[in-house]
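**Student:** The numbers in full-length UniProt numbering rise by one with no breaks, and the one at position 54 of the sequence shown is 54.
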Amino acid sequence: MERAAAALAQREPVLLVGETGTGKTTTLSHLANLTGSKLVAFNLSQQTDSSDLLGGFKPVGAQESLLPLLAPFQDLVRRTWTKGNNEEFLGRAAKYAERRKWSHLLAALKTGLSKVLPLLGAAAEGDDGTSADGGAGGAAAVQGGDEEMADAGEERARSHETASTSQPAGGGGSGVGRKGARGRGRGAGKAATAPAAAAAASDAAPRKRRKVGVVLTDALRAAWRRFAADLSAAERAAAAAEGGFAFAFVEGALVSALREGWWLLLDEINLAPPEVLERIAGVLETSSSASAATSESSNGADGEAEASGLLLVERGDAAAVPRHPGFRLVAAMNPATDAGKHDLPPRLRGRFTELWVSEPRQRADQAALVAGYLAGAAPNPPVDAVVDFYRAAKAEAEASLTDGSGQRPAYSLRTLCRALDYARTAAPAYGLQRALADGLAMSFSTQLSPESAPRMEQLLLQAAMPGTKPAAAAKALSRAPAPPPGGAETHVLFESFWLERGPLAPPAGGAEDDGAARRFVLTPSVRKHLANLARAALVRKHPILLQVRLLLRLLPPLLLLLLLLLLLLLLLLLLLLLLLLLSPSAHAPLKRLPF
Numbered sequence: 001m002e003r004a005a006a007a008l009a010q011r012e013p014v015l016l017v018g019e020t021g022t023g024k025t026t027t028l029s030h031l032a033n034l035t036g037s038k039l040v041a042f043n044l045s046q047q048t049d050s051s052d053l054l055g056g057f058k059p060v061g062a063q064e065s066l067l068p069l070l071a072p073f074q075d076l077v078r079r080t081w082t083k084g085n086n087e088e089f090l091g092r093a094a095k096y097a098e099r100r101k102w103s104h105l106l107a108a109l110k111t112g113l114s115k116v117l118p119l120l121g122a123a124a125e126g127d128d129g130t131s132a133d134g135g136a137g138g139a140a141a142v143q144g145g146d147e148e149m150a151d152a153g154e155e156r157a158r159s160h161e162t163a164s165t166s167q168p169a170g171g172g173g174s175g176v177g178r179k180g181a182r183g184r185g186r187g188a189g190k191a192a193t194a195p196a197a198a199a200a201a202s203d204a205a206p207r208k209r210r211k212v213g214v215v216l217t218d219a220l221r222a223a224w225r226r227f228a229a230d231l232s233a234a235e236r237a238a239a240a241a242e243g244g245f246a247f248a249f250v251e252g253a254l255v256s257a258l259r260e261g262w263w264l265l266l267d268e269i270n271l272a273p274p275e276v277l278e279r280i281a282g283v284l285e286t287s288s289s290a291s292a293a294t295s296e297s298s299n300g301a302d303g304e305a306e307a308s309g310l311l312l313v314e315r316g317d318a319a320a321v322p323r324h325p326g327f328r329l330v331a332a333m334n335p336a337t338d339a340g341k342h343d344l345p346p347r348l349r350g351r352f353t354e355l356w357v358s359e360p361r362q363r364a365d366q367a368a369l370v371a372g373y374l375a376g377a378a379p380n381p382p383v384d385a386v387v388d389f390y391r392a393a394k395a396e397a398e399a400s401l402t403d404g405s406g407q408r409p410a411y412s413l414r415t416l417c418r419a420l421d422y423a424r425t426a427a428p429a430y431g432l433q434r435a436l437a438d439g440l441a442m443s444f445s446t447q448l449s450p451e452s453a454p455r456m457e458q459l460l461l462q463a464a465m466p467g468t469k470p471a472a473a474a475k476a477l478s479r480a481p482a483p484p485p486g487g488a489e490t491h492v493l494f495e496s497f498w499l500e501r502g503p504l505a506p507p508a509g510g511a512e513d514d515g516a517a518r519r520f521v522l523t524p525s526v527r528k529h530l531a532n533l534a535r536a537a538l539v540r541k542h543p544i545l546l547q548v549r550l551l552l553r554l555l556p557p558l559l560l561l562l563l564l565l566l567l568l569l570l571l572l573l574l575l576l577l578l579l580l581l582l583s584p585s586a587h588a589p590l591k592r593l594p595f
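#1: Which residues does DSSP list as the beta-bridge partners of A248?
#2: CB residue 647 to CB W224, shorter than 8 Å?
#3: Could you spell out where the beta strand (DSSP E) holding P322 opens and where it closes?
#4: Excluding sequence positions up to five away, which residues of its chain have a Cβ less than 7 Å from the Cβ of G354?
#5: Confirm, please, whether the CB-CB distance from L54 to L254 is below 8 Å.
#6: Taking the continuous alpha helix (DSSP H) assigned at D343, which residues delimit it?
#7: Quick one: measure Cβ to Cβ for A536 and M456, integer angstroms, because I've assumed they're closer than 8 Å.
#8: Given this structure, state the Cα-to-Cα distance separating A41 from K469, to the nearest angstrom.
#9: Between P450, E314 and A419, which lies nearest to S50 when the distance is taken from Cα to Cα?
#10: In terms of residues, what are the limits of the alpha helix (DSSP H) holding V386?
#11: Which full runs of the alpha helix (DSSP H) of 4+ residues lie inside the segment 485-546, going along the chain?
#12: Out of G309, V357 and A238, point me to the one whose CA is closest to V60's CA.
#13: By the three-class DSSP mapping on this structure, what secondary structure does Q10 have?
#14: Quick one, are the C-beta atoms of N380 and T20 less than 8 Å apart?
#15: Per DSSP, which one or two residues make a beta bridge with M1?
#16: Please name the residue, chosen from G112, I269, L581 and Q447, that lies closest to L407 on a Cα-to-Cα basis.
#17: Please list the terminal residues of the continuous alpha helix (DSSP H) segment that includes F73.
#18: Start and end of the beta strand (DSSP E) containing M333?
#19: Does the segment 379-395 come into contact with the segment 429-441, if we say contact requires no fewer than three beta-carbon pairs (one atom in each stretch) closer than 8 Å?
#20: What's the C-alpha gap between S29 and A5?
#21: Compare the C-alpha of D230 against each of L344, L70 and P428 and name the closest.
#22: Does the Cβ-Cβ distance between G309 and L258 come in under 8 Å?
#23: Out of Q10, A7 and T27, state which residue places its alpha-carbon closest to the alpha-carbon of E359.
#24: Among the residues of its own chain, which have a CB less than 6 Å from the CB of P13, if the five just before and after it don't count?
#25: Can you give the beta carbon distance from E235 to L113, rounded, assuming they're within the 8 Å contact cut?
#26: Ends of the alpha helix (DSSP H) at F89?
#27: Count the other CB atoms within 10 Å of the CB of T523; is the residue buried (16 or more) or exposed (fewer)?
#28: In whole angstroms, what is the alpha-carbon distance linking R363 and V526?
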């Protein structure tokens with residue numbers, strides 16, 4: 001983790017290499033949480049297209065066009081006007097999105113943009129006094145926009161009126177001077193003198209600057225201009241979608257992360273096709289130049305976007321998408337030993353800072369992991385017993401165990417963590433011993449073949465109840481716990497597991513009735529499979545995969561007998577054909593005819 005943090009601090013692209021379940025993604029996720037960065041994970045495969053990373057033209061409606069603009073708009077408003085209460089206005093815009101009132105949301109976004117347009121003009125002039133005065137007017141306009149959100153047209157008209165009275169028409173004068181001019185005009189109608197109006201303006205000017213003092217940086221001006229362009233395109237797409245649907249360019253994960261400053265994890269990068277790797281290489285080529293430019297720039301620490309970026313030729317852009325200084329690119333892959341996985345090209349791999357992530361094999365590290373998961377589940381959790389079980393299970397898997405397909409099972413820290421997470425979740429209702437036994441069985445035992453499962457069951461019983469005979473431990477752990485709150489009205493007891501009831505009524509004929517006058521035969525093997533299924537569905541966290549070794553195991557014996565008879569008939573026909581070919585009459589010459 002320390003090496004990865006050092007590389008990311010220097011804005012180097014990082015490549016994490018290691019076996020499955022060694023903690024590559026978890027390590028990066030923890031680093032992102034420590035730094036307060038948003039991590040976006042993207043899983044690559046052989047079917048991944050470059051448009052999945054960069055984006056492409058897709059049919060969109062009002063929701064797809066306007067909803068992605070809400071979060072950038074809220075961020076821009078908070079960064080532009082740090083003083084004043086604009087949360088009510090932003091909260092109302094968020095409610096419009098939740099209630100799918102897209103026309104109201106569009107009006108709110110256009111209203112907020114119209115308030116900041118005068119600030120962009122004033123900032124472009126480079127007058128500090130004008131920027132401060134315009135910022136005050138803009139901030140007040142945004143706060144007032146919350147009161148008049150229902151009528152977007154009137155609000156935009158009011159914002160333009162506010163902008164014309166708070167910003168210079170042609171440049172050269174400050175907002176204070178304009179306010180003084182308006183004071184003199186009103187004073188002339190009321191028989192007031194010009195010196196008095198000028199004195200009032202000079203008295204009001206310092207208070208105006210102290211109230212808001214908004215200063216737009218180059219990054220804010222560029223962000224608002226990008227938002228204005230995106231809002232214009234979204235408005236056109238929403239209008240075109242009213243009669244059916246419209247196509248718009250939807251940015252991919254790479255472009256969004258590059259622009260917004262997110263951390264992007266490209267998982268299983270060695271499965272990606274060559275054309276996708278070429279586009280990733282284009283981002284890596286600009287990485288070193290962007291880091292050098294940022295280190296030399298004095299404004300890099302202020303969150304300004306960098307000059308280098310990614311040019312989207314698919315969208316027809318003439319300018320590159322700017323690279324945010326917070327953007328980090330991390331790739332992860334397994335060694336090229338499995339089917340379908342290959343090594344990265346040397347030129348591409350050399351652009352990464354490569355780190356090997358190995359599984360912690362020290363007993364102290366594994367004990368710390370187990371203790372961290374089971375902390376709080378019981379006063380004295382069996383940490384050493386669980387570590388012994390994990391090490392014994394890995395040794396048995398490498399020596400003699402087989403899974404349902406006849407292969408060696410692959411146990412890793414991910415398997416152990418899934419079992420410990422199950423135990424921690426189920427411990428309040430089932431007790432730690434029972435929850436730990438069920439969690440280990442779910443992760444380590446249910447995937448094994450019938451010949452290997454009994455050996456694993458003995459190991460997990462020793463881990464859950466050390467010092468107890470396996471038969472006594474199995475009997476103690478198979479008892480049903482006390483009914484949960486609500487009892488039989490909210491839960492169903494099946495094989496010592498209390499499962500929550502669904503919305504449908506249970507069959508009137510009992511557990512073996514499927515509700516359609518058919519009986520479900522519960523053989524011992526089927527009952528065991530159902531118990532494994534109930535155990536996995538109890539915590540409602542992990543997906544379940546049902547797998548069989550061969551389809552022939554499910555065929556009835558009569559069908560198997562019929563297949564054997566067909567094979568015998570086929571062999572008989574082949575034998576008869578062979579006898580005919582080998583008989584002497586088949587090789588006798590034809591007699592000459594008398595004519």
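Using N, Cα and C, we set each Cβ at its ideal position, and we do this for glycine too.
**Tutor:** In brief:
#1: In the sequence shown, the residue the question calls residue 248 occupies position 248. Under DSSP, A248 forms a beta bridge with K58.
#2: Absent from the structure is residue 647, since the part of the chain shown begins at 1 and ends at 595.
#3: As a first step, residue 322 is located in the sequence shown; it is residue number 322 there, counting from the start. Counting along the chain, P322 sits inside the beta strand (DSSP E) bounded by residues V321 to R323.
#4: In the sequence shown, counting from the first residue as 1, residue 354 sits at position 354. The question names Gly, but residue 354 in the sequence shown is Glu. For E354, same chain residues with a beta-carbon under 7 Å away, outside a window of 5 residues either side, are L15 and V17 in chain order.
#5: For the purposes of this step, residue 254 is taken as the residue at position 254 of the sequence shown. For the purposes of this step, residue 54 is taken as the residue at position 54 of the sequence shown. For the 8 Å CB-CB criterion, L254 and L54 form a contact.
#6: As a first step, residue 343 is located in the sequence shown; it is residue number 343 there, counting from the start. Segment: none, D343 is in no alpha helix (DSSP H) and carries neither H nor E.
#7: The count along the sequence shown starts at 1 and reaches residue 536 at position 536. The count along the sequence shown starts at 1 and reaches residue 456 at position 456. Not really, about 16 Å apart at Cβ, beyond 8 Å.
#8: By 1-based counting over the sequence shown, the position of residue 41 is 41. By 1-based counting over the sequence shown, the position of residue 469 is 469. One C-alpha to the other measures close to 46 Å.
#9: Mapped onto the sequence shown, residue 50 falls at position 50. Closest in C-alpha terms to S50, from the list P450, E314 and A419, comes E314.
#10: Here residue 386 refers to the residue found at position 386 of the sequence shown. Looking at the DSSP string, the run of the alpha helix (DSSP H) that includes V386 is V383 to A399.
#11: For the segment 485-546, whole alpha helix (DSSP H) runs of length 4 or above, ordered along the chain, are 524-538.
#12: If you number the sequence shown from 1, residue 60 lands on position 60. Residue nearest to V60 within the set G309, V357 and A238 is A238 (criterion: CA-CA distance).
#13: Counted from its first residue, the sequence shown places residue 10 at position 10. Three-state DSSP puts Q10 in coil, outside helix and strand.
#14: Taking the first residue of the sequence shown as position 1, residue 380 is located at position 380. Taking the first residue of the sequence shown as position 1, residue 20 is located at position 20. No, they are not a contact pair.
#15: Your numbering for residue 1 matches position 1 in the sequence shown. According to DSSP, which records beta bridges pairwise, M1 is partnered with nothing at all.
#16: In the sequence shown, residue 407 corresponds to position 407, counting from 1. Per the sequence presented here, residue 407 reads as Gln, with Leu not at that position. Nearest option by C-alpha distance: Q447.
#17: Here residue 73 refers to the residue found at position 73 when the sequence shown is read from its first residue. Unbroken alpha helix (DSSP H) run through F73: L70 to T80.
#18: Here residue 333 corresponds to residue number 333 of the sequence shown, with the count starting at 1. Unbroken beta strand (DSSP E) run through M333: R328 to M333.
#19: Yes: at least three Cβ pairs fall under 8 Å.
#20: Numbered from 1 along the sequence shown, position 29 holds the residue referred to as residue 29. Numbered from 1 along the sequence shown, position 5 holds the residue referred to as residue 5. Each residue's alpha carbon lies about 12 Å from the other.
#21: Here residue 230 is taken as the residue at index 230 of the sequence shown, counted from 1. With distances taken between Cα atoms, D230 lies closest to L70.
#22: Numbered from 1 along the sequence shown, position 309 holds the residue referred to as residue 309. Numbered from 1 along the sequence shown, position 258 holds the residue referred to as residue 258. It is a contact, given that the beta carbons lie within the stated cut-off.
#23: In the sequence shown, the residue the question calls residue 359 occupies position 359. Considering only alpha carbons, the answer is T27.
#24: For the purposes of this step, residue 13 is taken as residue 13 along the sequence shown, with counting starting at 1. Cβ neighbours of P13 within its own chain (closer than 6 Å, five residues either side excluded): L284, S287, L329 and F352.
#25: Taking the first residue of the sequence shown as position 1, residue 235 is located at position 235. Taking the first residue of the sequence shown as position 1, residue 113 is located at position 113. Rounded, the Cβ-Cβ distance is 11 Å, inconsistent with contact.
#26: Residue 89 sits at position 89 when you count from the first residue of the sequence shown. Counting along the chain, the alpha helix (DSSP H) containing F89 begins and ends at E87 to E98.
#27: Translated into the one-based positions of the sequence shown, residue 523 becomes position 523. By the 10 Å Cβ count, T523 comes out exposed.
#28: The sequence position of residue 363 within the sequence shown is 363, counting from 1. The sequence position of residue 526 within the sequence shown is 526, counting from 1. Roughly 39 Å separates the two Cα atoms.
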